[in-house]
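Step one of this worksheet: look at the structure below.
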Amino acid sequence: MVTRATQLRRLRKNKCVECGVKMPKDTYEYYPTLCRRCAKKEMRKKR
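Letter 17 of the sequence shown, counting from 1, is numbered 127 in our numbering, and no numbers are missing.
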């Protein structure tokens, strides 16, 4: 689990809020704040 402050800092720096990987802005539509790997993880969770 990532703290809120860390998430906000990563958002400002254009990073994935979960793992901190640098990423382009055009990642998954549903998860604009996550990198591909984390977004896929989230999608699996939802199912």
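Virtual Cβ for every residue (Gly too), placed ideally from N, Cα, C.
Next item on the list: Return helix, strand or coil for K155, following the three-state DSSP convention.
Entry: On the sequence shown, residue 155 is found 45 positions in, with the first residue counted as 1. Note: K155 maps to helix in three-state DSSP.
Check: Between the beta-carbon of T143 and the beta-carbon of C126, is there less than 9 Å?
Finding: Within the sequence shown, residue 143 is the residue found at index 33, counting from 1. Within the sequence shown, residue 126 is the residue found at index 16, counting from 1. The answer is yes: Cβ separation under 9 Å.
Notebook entry, point to check: What residues are listed by DSSP as bridge partners for K125?
Noted result: For this step, residue 125 is matched to residue 15 along the sequence shown. K132, per the DSSP bridge assignment.
Checklist line | Coil, strand or helix - C148 by DSSP | finding: Translated into positions along the sequence shown, residue 148 becomes position 38. C148 carries a helical assignment under DSSP once its states are collapsed to helix, strand and coil.
Notebook entry, point to check: Does the separation of the CB atoms of C145 and M153 fall below 9 Å?
Noted result: If you number the sequence shown from 1, residue 145 lands on position 35. If you number the sequence shown from 1, residue 153 lands on position 43. The answer is no: Cβ separation not under 9 Å.
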